[in-house]
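Residue 1 is where the sequence shown starts when you use the UniProt record's numbering, and the numbers rise one by one after that.
Using N, Cα and C, we set each Cβ at its ideal position, and we do this for glycine too.
Right, one structure below, let's go through it.
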Amino acid sequence: MHLYNLTLHKASSVQRVIYGNFSSAKVEEFVISRGNIIELWRPDDNGNINVICSFEVYGLIRALKPFRLSGNNTDFVLIGSDSGRIVVLKYDTEKNTFEKIHQETFGKVGVIRGLPGQYLAVDPNGRAFMISGFLFHVSSLGAIEKQNLVYVLNRDSRGNVTISSPLEAHKSQTIVLTTEGLDVGYDNPMFACLELNYGEADEDSTGEAAQQTEKVLTYYQLDLGLNHVIRKWSKTVERSANLLARVPGDSGPGGVLVFAENWVMYCNENHPEIRAPIPRREFLPENRGTMIITAALFQREGNLFYLVQSEYGDLYKITLSFDSSHVHDLVVKYFDTIPAATTLHITKKGFLLATSEVGDQYALPLALLTGSCFYQFIALGDDDSAQASFLGSLQPDGSVQVPVFSPRALTNLRPVDTLPSLSPLVKIHAEDLRGDGTPQLFALCGRSSRSQLKVLQQGLAISLLSQNPLPYAPSGLWTLRDARTGQHRFMVISFNNATIVLAVGKSVEQVMDTGFKLDESTLATGVLEGNSFLQVYPGGFRQIFEDGHTKVWEPPSRRSITAAAMNLRQIVVALSNGEVLYFELDERLEWVERESMNHREEVICLDLPALAPNSLRAPFLAVGYGDRSCRVYSLAPNSLLEELSMQALNAMPSNLTLDTMRMGSGSLARETLLLTVGMENGILMRVEVDPVSGKLSNARSTRFLGPRPVRLFKILAGGNPCVLALSVKPWLCYCANNTLTLTSLVSDPLDLAAPFCNEDCSEGIVCVAGTNLNIIRIDDLTQPFTATSIPLSYTPRELVVYPGQPRLLLLETDHNAYSELEKQSFYQQHNVSYVNEYDCGAPIPAEPDKWASCIRVVDAISLQTLERLELADNEAAFSMCVCRFASKGDEPFVVIGTAKNLKIHPRSCSQGFISVFRFVEGHSLQLLHRTEVDEVPAALCEFDGKLAAGIGRSVRVYDLGKKKLLRKCENKAMPHFVTKLRAMGERLYAGDLTDNVSFVKFRKGTNQLVEFADGGIPRSITALDVLDYNTVVCGDKGGNLFVERVDPKVDDDIANPTGSRSLWNSGLLSAAPNKAEQAASIYLGEIVTSVQKTVLIPGGDEVVLYGTIFGTIGALLPMPSRDDLHHLMHIEMYIRKQEPSLVGRDILSWRSAYTPMKGIIDGNLCETFSMLPQIKQEEIANALVLSVSSIVKKMEDLRSRVMWTVCWSRSIGKGVNRRFLFHAMEIVLFSMCYSIGKRD
């Protein structure tokens, strides 16, 4: 088995962020980590965040810090990871990439107890840094493991960053909770650590010493003269202390702020402790404190304050009252409430970046939600009515006056930009429930009150900016740009016998005095050099100058113009007799005829590329003829209209474009001349043209877009030229990550399009859909899916589709939460005036182990909630399936597993239930009966006309009775706790919480469930699906995605000579007699939460779709041929050697973190081939005896097997000619047969 792993949607959870100037001195940027991905974000002046670059580092980023050497004006990136190395990165502006400029090895690979890397602290002046681990431990041999290391930063004679040998600063049997670099100016660097010594607790078996263990704030000083680290000062702090924040020493008193439960403390050497209570949220349970989870410092022009956030999302402003080096008071004041963030960063321009691991800020309207990631300060809270706490809150008698506040709408912050997120992704299911012809992805994501059901469609999202009706459908559409302002002045719309010109300004209105010929249809129009306009119509063309005079050309008698193309200095027209005439602008910027030719064939279409900078003419002309050919001609003065190359087509061309696309960025960018041809049968072909000789390359990419002729239009998107192809649906051909990509737009069919730019929209598209004139904008080229969503009440747990109807059934369950009725009662009882659970969270119950749960029925088309059933009496739902019972015919029943009064650890419940519902009237659940069980029913599935249930460590089979379910058979010997259950034929596949997958056979003769095989490696199964009768694909809690297979020769009908009871009562240690072998495995570094065998393309191959907790969506697809497998294995091997990981981790070692990588090609790594320098690409291609273009095309084709979409159903439903459709299907089948024959 050989599979190809592709990421369809990158991780959206943000773990760490640093802020600095990484590209230039005055550009504010953020470097963020998403799992094993590092990205550079740059906000613009309007507060919109742009992703500049994104790279996989093939390692776990544990710590991220910026630093700047003295004399530099840009920052470097310091990374601590699981590679056992500390790495310094520098952003290269020309190449648009991070370059590794230094790495230093300090330990083993992995996240180990005795290995530093979890915490990084940098001296504010960039002179040194400290790297720490979790524990300082004395090993059994008596040696102290080195887990607290200090490095000195410097530069060599060539200006390169250097790192000294590590200096040790250890204390045995100590846990490090956090570290921070102190601001001491240019004195010896100092670092503060929050430590806890567990030596006495380890030796005390009673546990009393552990309860009395104290946390200590410790200062470590690096003596630069002696090159030595000492423990300079320590102080006992609150045992609940969890976070440190540096206090500036140049414009402040120095020292640190220590955050503990309910308290903020200022601590420094030779300074008394100053503390203030944290204001408390109103109606918070008495047993719940307030913990600070992240902090940000703002320091500018004498204004110094901290913005910190609690675990509930409340922001507090902290100010210090000080003079010189002495602090008099500490003031803490409620500021605002936003969703709980992992990091906070305040920019110099007055923006706040708040990144989160949970929740989405994209699908819901910004006006309705304040869950944005990027905010702008509109006030600093000085005039706020919120009560503050300070040193005086401590009374002489020891009591504390703690201010109380209620969350409110945003007062001091304003949302500016939003970032999409699928994290945490609980489950993903692919199925076409809307009849679009392509499957939609239904994703359960979020947590608690920030949960959502998202529907993802393949394609780029668009925004409709305006819509205006037209009297009837036009035949042509163009926009004319003002050469001085760069914005479009006019919009030209052509009809069958007329042309209208619209002036674009603050409003769009028709104008009559532009010089255009308005009583004829227009074939082409554009702007010539000198800011004159050209209009081409069947009776000739006219050049309209700025002063109003015109110069007209008319064709010979009894001939008319049928097609035309132009750029700034060149004009080409085709006449009805097949003649092609070529014109250029002279020194007076007036057209002059240069040459003509006649191929004796009807000219269907033609095009000229745009002029290159400082160029007088484009070198080539492309012409499409009625003999099913496309030819490229030279426009060089010495070989004018000489044929250079020809491409035979399998259908008549409908349109073509010849233009230059920019591949890559920075110094690695290259210009590629592409010929794109759309045909009458709906096929789009793309071929590369040699920019010197005009020859066409041998690698041709073809895509079937739908059973309608393809029309092509040149537009701008992402600042680069793109081609918009219009067929049954619109498609965009653009360059992404140095690869040409063809992606559909999530839009109704379009007929015409043109680029549009004005003050409000720099990269818009004006288009015609039927008789409507629309202005749209492509939202984001980096997001391959368009999402719509609805909010959910609680954390989603399960999703199933009711067969035969577009209905989704959802389970939602939250721990330590009120139900909806209880929440409404709580708000009324306490007179709560402002309720925004998305930002502020839901109220927290005082009693422990309280559950809230509901069952929701959703219409998959309209995303409307049809019914919502709230579970009462502290009952929580965990499993659900749709089951057809053989005794009841074909009627599907909805079965739900619940538990009452569940305690998580140790796991116990008062009662468990399996409830059976009948789905009535297409929208309602009617309870049939409930069956009590003795454990939590965590897994349910249909099995051979009955119901299979995983209940605790038992697997049972039930049939449907009149008053309850009837138990038919049971296996009580599952390893620990059944979490997943799937069925096929007579087999059940049970995923366990600790012990991998069990293969269970149902023996009808003896009515037994017998475990005949299991996995040999212990794994905690989090996702499971069946590939075939002997094979399953699974994800585990360790971040692995793997395939396990039982040998088909294994006999699952196990003999039992000792009697049937031995199988029934088999013990815990009696493992299955056969072991499943691992057929394929890859380490993803993220917990896999969902896997599904499905088809993402109509008529395409089956793939394994998977989702991870960080929001990654990926697919495993089977390799199409042995040749492809051989080539991709070698490409993967070469790239591993030539492009090492940015964090210093061996790529193969990363992918084999738990078990050796086997049977899976890393498609993400292979796709970086197109981002390599041209020399390295040619080296790899020559080693494989392939061309660079054929390798790129091979990987494009593999991705298109997953992401390419064709809208069959919509086309057939709208009355498309069946003969035309069958002809298109013939072409696709012919292409498939040709490729198979070529492969053999």
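Per DSSP, the beta bridge partners of Tyr219 are Ala192 and Trp233. Taking all protein chains shown into account, Asp323 has fewer than 16 neighbouring C-beta atoms within 10 Å of its C-beta and is therefore exposed. Boundaries of the alpha helix (DSSP H) around Ser1190: Val1188 to Met1203.
In the three-state reduction of the DSSP assignment, Leu224 falls in the coil class. Bounds of the alpha helix (DSSP H) holding Leu821 are Glu820 to Gln829. In the displayed model, Arg953 falls within coil according to three-state DSSP, outside both helix and strand. Cys1166: member of the alpha helix (DSSP H) spanning Gly1163 to Cys1166, first to last residue. Each residue's CA atom was taken as its position, placing Ala63 and Asp82 some 10 angstroms apart. Taking C-alpha positions only, Thr347 is separated from Tyr306 by approximately 13 angstroms. Close CB contacts of Thr1094 within its chain, under the 6 angstroms cut and outside five residues either way in sequence, are with Ala430 and Leu1105 (chain order).
By the criterion of a C-beta distance shorter than 8 angstroms, Ser1141 is surrounded in its chain by Val57, Tyr58, Gly59, Ser83, Ile1147 and Trp1150, once the five residues flanking it on both sides are discounted. Boundaries of the beta strand (DSSP E) around Ala622: Phe620 to Tyr625.
Here the alpha carbons of Asp1124 and Ser596 stand approximately 47 angstroms from one another. Scanning Lys980, Val801 and Asp859 for the CA closest to the CA of Val894 turns up Val801.
The criterion of a C-beta distance shorter than 8 angstroms is satisfied by Thr786 and Leu460. Residue pairing for Thr786: DSSP places it in a beta bridge opposite Gln457. Taking a contact as a CB-CB distance under 8 angstroms, the pair Leu153 and Phe98 does not count as one, their CB atoms being some 18 angstroms apart. Ranked by how close their Cα comes to the Cα of Thr479, the residues Asn5, Thr7, Cys733 and Gln535 have Gln535 in first place.
Here Thr1112 is actually not in contact with Lys26; their C-beta atoms are around 35 angstroms apart, not less than 8 angstroms. In the displayed model, Ser494 falls within a strand according to three-state DSSP. For Gln118, there is no enclosing beta strand (DSSP E), as DSSP marks it with neither H nor E.
Asn816: not part of any beta strand (DSSP E); DSSP gives it neither H nor E. Residue burial is scored here from C-beta neighbours: Pro609 has at least 16 other C-beta atoms within 10 angstroms and is therefore classed as buried.
Between Arg1045 and Glu1077, the beta carbon gap of about 6 angstroms places them in contact (Cβ cut-off 8 angstroms).
Tyr1029 carries a coil assignment under DSSP once its states are collapsed to helix, strand and coil.
In this structure, Ser310 keeps its C-beta atom at 8 angstroms or more from the C-beta atom of Ala817. One Cα belongs to Val161, the other to Pro1048, and the distance between them is close to 58 angstroms.
If the five residues before and after Thr179 are omitted, its C-beta is found closer than 8 angstroms to the C-beta atoms of Tyr119, Leu120, Ala121, Met130, Ser132, Phe191, Ala192, Cys193, Leu194 and Leu244, all from its own chain and listed in chain order.
With fewer than 16 other Cβ atoms from the protein chains shown falling within 10 Å of its own Cβ, Arg670 counts as exposed. Straight across, the Cα-Cα distance linking Leu742 with Tyr734 is about 7 angstroms. Closest in C-alpha terms to Ser744, from the list Leu732, Ala754 and His228, comes Leu732.
Looking at Phe298, Phe545 and Asp1053, the one whose alpha-carbon comes closest to that of Phe1002 is Asp1053.
Per DSSP, the continuous alpha helix (DSSP H) segment holding Gly199 begins and ends at Gly199 to Glu203. Following the DSSP letters along the chain, one finds Cys840 inside the alpha helix (DSSP H) bounded by residues Glu837 to Cys840. In this structure, the beta-carbon distance from Thr979 to Leu988 does not fall below 8 angstroms. In this structure Leu750 is in contact with Pro730, their Cβ atoms being roughly 5 angstroms apart against a cut-off of 8 angstroms.
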